[in-house]
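Chains as they are written, first to last, in my numbering: chain A, 1 to 440; chain B, 441 to 979.
Beta carbons are placed, not taken as given, at the ideal position from N, Cα and C, and that holds for glycine.
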Amino acid sequence: MTEPVLSRNFTVADAWKMDVAENHGAYETAKKVLTTMQPDDVTNQVVAANLRGLGGAGFPTGKKWQFLPKESQKPIYLVINADEGEPGTFKDRYILERDPHQLIEGIIIATFAIRSKKSYVYIRGEYVESARRVQAALDEAYKKGYLGKGVFGSKHDLDIVVHRGAGAYICGEETALLNSLEGGKGYPRLKPPFPAIVGLFGCPTIINNVETIACVPHILKNGPEWFAALGSAGNGGTHLFGVSGHVNKPGVYELPMGTPLREMIEKHAGGVRGGKKLKAVIPGGISAKILTADEIDVKMDYDSLRAAGTMLGSAGVMVMDETTCMVKMLYYATKFFSHESCGQCSPCREGTGWAHKIVTRIYHGEGSLPDLDVLLKIARNMEGRTICVFADAAAWPIQSYIGKFRPEFEEYIRTKGQGIHRDYKEYDPRVGAPKQIGAH
Amino acid sequence: MANITIDGKQLTVKDGITIIEAIDQASVGLPRYCYHPGLSIAGNCRICQVEVEKMPRTVIACNTRVAEGMVIHTQSEKAKDSQQSVLEFLLANHPLDCPVCDQAGECKLQDYYMEYGLYDPKFNDLKVKKTKKAFPIGPTIMLDQERCVLCTRCVRFGDEITKTNDFGVFNRGHHSELDVYPGKELNNKYSGNVADICPVGALTDRDFRFKMRVWYLGSQDSVCPGCARGCNIEVHYEKSRPYHLKEKRVMRLKPRENQDVNKWWMCDEGRYAYKAIDDNRIKKTRYPGGPTTSAETLNGQSEKVLEAALEKLAAALKGAKPGSWGVIATPQSTNEELFLVRRLFRDALKVKDLAFWAPGQEGYQDDFLIRADKNPNMAGAKRILALDEKSGDITSVVERAKKGEIENLFVFSTDLAKVFGADTLKAVRSKVKTLVFEGPNGNPTADAADFVLPSSSYAEKDGTFTNFEGRVQRIRKAVEPVIGSLPTWLILSRLLFLLGQKVDYLRADDVFDDLAKTEPAFAGMNYKTLGKGGTVWAK
């Protein structure tokens, strides 16, 4: 493997402290950029580096910056999406807690490029330590004069504010995040207009993921060609993959874009735990469609995974061995989505809850075979009919789990959950079952 | 301009309008819950799905702008499938308590199920139980959370129109509930509108609830007589079951869209003022020497009694000395009636003491709809009687009557006790030889009068009001005059006839035509050209 880029300081003790970070080269690039470069040149380099949004959607970052209106009378905001809530994802947390100066340096360069004077870091409410570390790093940066009026003696002014979320998954959707940041309810906004035109407080706003912005200093330091060459075609750089589940060495792995999934599981994560057989992998957080054991010879980048019918998403790789019950997996997926649907659009509000009721029924041994078709119908009717992609994300697990493991679901329904898993006691759905079907 | 096609219909529409606006212009049906032309676009109900050629998925018509060459299908299989599936989601947790729901009959869940739904329902689980059912959230509105489809029309109404920020959606997912903010109640001057814009039975009008199933209601276009704004309304009345609620015929008023006057709204004061149409009505004609039996026992003879009273009054008018009569007209009357007041009293009888403006009657005013002037036809009265607040002030007439300088007084509707106090009424009564009261509702002045001529309320007659901007708008007869009463214009034309004047008025529009001929402000107008929205008179 090549030298680590984003994770190079993860093993350095106290890298979240200013002096340690500076000993490891923090802020050097930002200083150079702000004193020698023009904003548009920075954007052009980011475009040339093929940097794509690492929060899940994979939208080219430089192109997003170029959507900003050229002559804006209103202030421009940069909002960092650190609301990392996708189940199976824990990569941004490492940057926030172990190397926050990398993020701050990225914000300095990015705000310089998009001519923004104010940046918000919206951190997931449960990430208490992350918020504490970022705030401490910001305090040190202010003390050093790296933030505030005239950053590094340039004409660039910058303030960074940490805002902690209150625990809603939907606030990771960028426009719901803006509403939440404004003090409103976390409801995704109707688009158009897009945030680059009408965003935070009605002003042009760029929303980028933590990891995306953390990549920016490295692009400016080593050049866009170097960065692009790290990854595969059209997917520049490396990516932090959070591998969890039934592997011997779960954790965050920084690997080049396009690393084969099989290599990731078998080589880096040490293979399936206990020598068991692999059953399935979710490659990009709970929203991504599941891959069976036969489908893991796929490259882990945006385009390859899309071609394989799933998505890289937030790069939360969940590995499941042969003991995994897919009905139980779907039960937890639908439970999550029905709990986290914001309730704004009717298909999602009613569909996620309805699907969870049916899956709960199946899980408790009270399902019937036609239920599977109703579930697929609900998923189809939710998908693509709402304001944001939450409903799609809720539909994909239903479609892919039932689509790829239908015999298991049917067997489960026929045997009331007792046939397919011999170690029935471990999967006894009646243990700890909620009293009322459909309750959270 | 953009050329588009909707369901095969070629249309040229303004650039930048939404598909749903184009659809409404083309009068093509499309279901909608959250969309309301008077409110911002929420795009959350997702039912207005249409298929646009060259777009991969169906889109919502309310938030998609038209573009040149767009081909839109509202009835294609794809579009219908989308609409049906959204409706099935909306009905999944709906209680389906139509038999006990007051909205039944005008509920968009019912209507759209019949028009666009008719799917094979698959929901087979327990419904979510929500907190509040049949819960009063203010003096006018009842909330039922489980019927709510969370379209947020009422939320946006409170945020954008009244700016009182009454409603919010609480909780998340399928536990989302509509409610007023904790510790608050829905109590503003326009609260009744939320029941109108609520497409389902979640917000119902406490005043109207369970009085009547809506399919028993008839509807007539009219104008609210509550203030000088002249909000366009529909009068909803008992159509076919007079025995249902004894003598109560008008059940409710609903605002009617008029972009130039009231948009889609009306105030609560106007909305609930309909009760005067059926309450405290004068039903018995009274005249010196008339029958003393009650109105109920006249057994259909009430018209004859009114005729006799008019004959007696005409004789009194004819025989009076010039200058012995004073007249207190009212801006509550229609243009037609004020025109006949002018013809009868000023032109035929040469009455000089003719006034109409009662002092000190202004009320609450805001910068939206409600006007301080609570008379529907002040502008018309001023123009037709050629008087203003000063020259038309009734104080001088009343003062002269009190001093005995006026022998006889003819009062239209106005209650002298309310305007000047009971003592003044007493003083006037003791000095005046003949006191005539003509009006629909009883009051102390009517009680004190020698002649009482029952007249019809605004819901029982045709006519026009001129609002504060000079907009002449039609009121229409919704229900028959209460037994024993006649529209004021008929009473006046009858008196004119008895005084030997030339009258050939069969209907109120004949009077209006005569008015249009003689009064330049109304020149060229007739009931046809006034249309639904009225016409502003020439400056």
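Pick from the options that is closest to residue i, judged by C-alpha positions
| i | options | result |
| --- | --- | --- |
| ARG262 (chain A) | A:TRP65, A:ALA131, A:MET318 and A:ILE104 | A:MET318 |
| ASP41 (chain A) | A:ILE114, A:PHE10, A:VAL20 and A:LEU54 | A:ILE114 |
| GLN524 (chain B) | B:ARG486, B:GLU900 and B:PRO539 | B:ARG486 |
| GLY54 (chain A) | A:GLY167, A:ASN208 and A:LEU200 | It is worth fixing the name first, because residue 54 (chain A) is Leu in this sequence and not Gly. Considering only alpha carbons, the answer is A:ASN208. |
| LEU531 (chain B) | B:ASN564, B:THR514, B:ASP542 and B:ILE768 | B:ASN564 |
| GLY879 (chain B) | B:ALA867, B:LYS744, B:LEU970 and B:LYS723 | B:LYS723 |
| VAL334 (chain A) | A:GLY353, A:GLU322, A:THR324 and A:GLY343 | For clarity, residue 334 (chain A) is Thr in the given sequence; the question names Val instead. Checking every option, the nearest Cα to that of THR334 (chain A) belongs to A:GLY353. |
| GLY903 (chain B) | B:LYS842, B:PRO816 and B:LEU893 | B:PRO816 |
| LYS279 (chain A) | A:LYS357, A:GLU28 and A:GLU295 | A:GLU295 |
| ASN503 (chain B) | A:LEU200, A:THR292, A:ARG189 and A:PRO397 | A:ARG189 |
| ASP793 (chain B) | B:ARG596, B:TYR898, B:ALA819 and B:ARG840 | B:ARG840 |
| PHE339 (chain A) | A:LEU312, A:THR415 and A:PHE390 | Note on residue identity: the sequence assigns His, not Phe, to residue 339 (chain A). For the residues A:LEU312, A:THR415 and A:PHE390, the minimum Cα distance to HIS339 (chain A) belongs to A:PHE390. |
| GLU743 (chain B) | B:ILE923, B:GLN515, B:PRO771 and B:LYS570 | B:ILE923 |
C-beta neighbour in chain A for residue i, strict 8 Å
| i | result |
| --- | --- |
| ASP455 (chain B) | no |
| ILE446 (chain B) | no |
| SER516 (chain B) | no |
| ASN503 (chain B) | yes |
| SER616 (chain B) | yes |
| PHE563 (chain B) | yes |
| LEU583 (chain B) | no |
| THR885 (chain B) | no |
| ARG587 (chain B) | no |
Cβ of residue i within 8 Å of any chain B Cβ
| i | result |
| --- | --- |
| PRO434 (chain A) | With a pLDDT of 40 at PRO434 (chain A), under the threshold of 50, the predicted position of this residue should be treated as unreliable, though the coordinate-derived value follows. No, because no Cβ of chain B sits closer than 8 Å to the Cβ of PRO434 (chain A). |
| ASP428 (chain A) | In this prediction, ASP428 (chain A) has a pLDDT of 45, which is less than 50 and means its spatial position is unreliable; nothing more can be read from the coordinates. |
| GLY343 (chain A) | yes |
| ALA13 (chain A) | no |
| SER346 (chain A) | yes |
| LEU190 (chain A) | yes |
| ARG8 (chain A) | no |
| LYS289 (chain A) | no |
| SER338 (chain A) | yes |
| LYS335 (chain A) | no |
| VAL243 (chain A) | no |
| ASN179 (chain A) | no |
| VAL374 (chain A) | yes |
Sheet register partners of residue i (DSSP bridge)
| i | result |
| --- | --- |
| ASN209 (chain A) | A:ASN81 |
| LYS118 (chain A) | A:TYR77 and A:ASP159 |
| PRO60 (chain A) | A:ARG52 |
| GLY245 (chain A) | A:VAL319 |
| TYR677 (chain B) | B:GLY658 and B:VAL690 |
| THR259 (chain A) | A:MET300 |
| ARG721 (chain B) | B:ASN881 |
| PHE785 (chain B) | Bridge partners of PHE785 (chain B): none, in fact. |
| SER895 (chain B) | B:LEU926 |
| ALA280 (chain A) | A:THR292 and A:MET320 |
Residue i: contacting residues in chain D (beta-carbon distance under 7 Å)
| i | result |
| --- | --- |
| GLY384 (chain A) | Reference to chain D is not applicable here, since the protein chains of this structure are A and B. |
Note to self: Quick check: the region 782–797 of chain B against the region 823–831 of chain B, are at least 3 beta-carbon pairs closer than 8 Å?
What the structure shows: yes
Check: Is there contact between the region 882–891 of chain B and the region 915–924 of chain B, where contact requires at least three CB pairs shorter than 8 Å?
Finding: no
Next item on the list: Answer yes if the region 641–653 of chain B comes into contact with the region 581–590 of chain B, meaning at least three C-beta pairs across the two stretches below 8 Å, and no otherwise.
Entry: yes
Checklist line | Inter-stretch contact (C-beta, 8 Å, three-pair minimum) for the region 772–779 of chain B and the region 922–931 of chain B | finding: yes
Notebook entry, point to check: Looking at chain B, which residues of the region 57–78 of chain A have a Cβ within less than 9 Å of any of its Cβ atoms?
Noted result: none
Check: Touching or not, the region 946–966 of chain B and the region 849–864 of chain B, by the rule of three or more beta carbon pairs under 8 Å?
Finding: no
Next item on the list: Could you say if the region 247–264 of chain A and the region 79–89 of chain A meet the contact criterion of at least three C-beta pairs nearer than 8 Å?
Entry: no
Next item on the list: Assess, as a yes-or-no matter, whether the region 648–657 of chain B is touched by the region 535–550 of chain B under the definition of 3 or more beta carbon pairs within less than 8 Å.
Entry: yes
Next item on the list: Give the residues from the region 390–423 of chain A that approach chain B closer than 9 Å (Cβ to any Cβ), ordered along the chain.
Entry: none
Next item on the list: Would you check if there are 3 or more beta carbon pairs closer than 8 Å linking the region 282–293 of chain A to the region 303–318 of chain A?
Entry: yes
Checklist line | Near-chain A residues of the region 452–486 of chain B - C-beta to any C-beta below 7 Å | finding: ILE481, GLY483, ASN484, CYS485 and ARG486
Notebook entry, point to check: Of the residues that make up the region 635–667 of chain B, which ones have a beta carbon closer than 8 Å to any beta carbon in chain A?
Noted result: none
Next item on the list: Scan the region 506–533 of chain B for residues whose Cβ lies nearer than 7 Å to a Cβ of chain A and list them as they occur along the chain.
Entry: SER522, SER525, VAL526, PHE529, LEU530, ALA532 and ASN533
Checklist line | Near-chain B residues of the region 350–369 of chain A (beta-carbon distance less than 8 Å), N- to C-terminal order | finding: GLU350, GLY351, THR352, GLY353, TRP354, LYS357, ILE358 and ARG361
Checklist line | the region 671–680 of chain B / the region 689–705 of chain B touching (three or more Cβ pairs under 8 Å) | finding: yes
Notebook entry, point to check: When you check each C-beta in the region 589–602 of chain B against every C-beta of chain A, which residues fall closer than 9 Å?
Noted result: VAL589, LEU590, CYS591 and THR592
Item checked: Short-range partners of chain B found in the region 276–308 of chain A, where Cβ spacing is below 8 Å -> none
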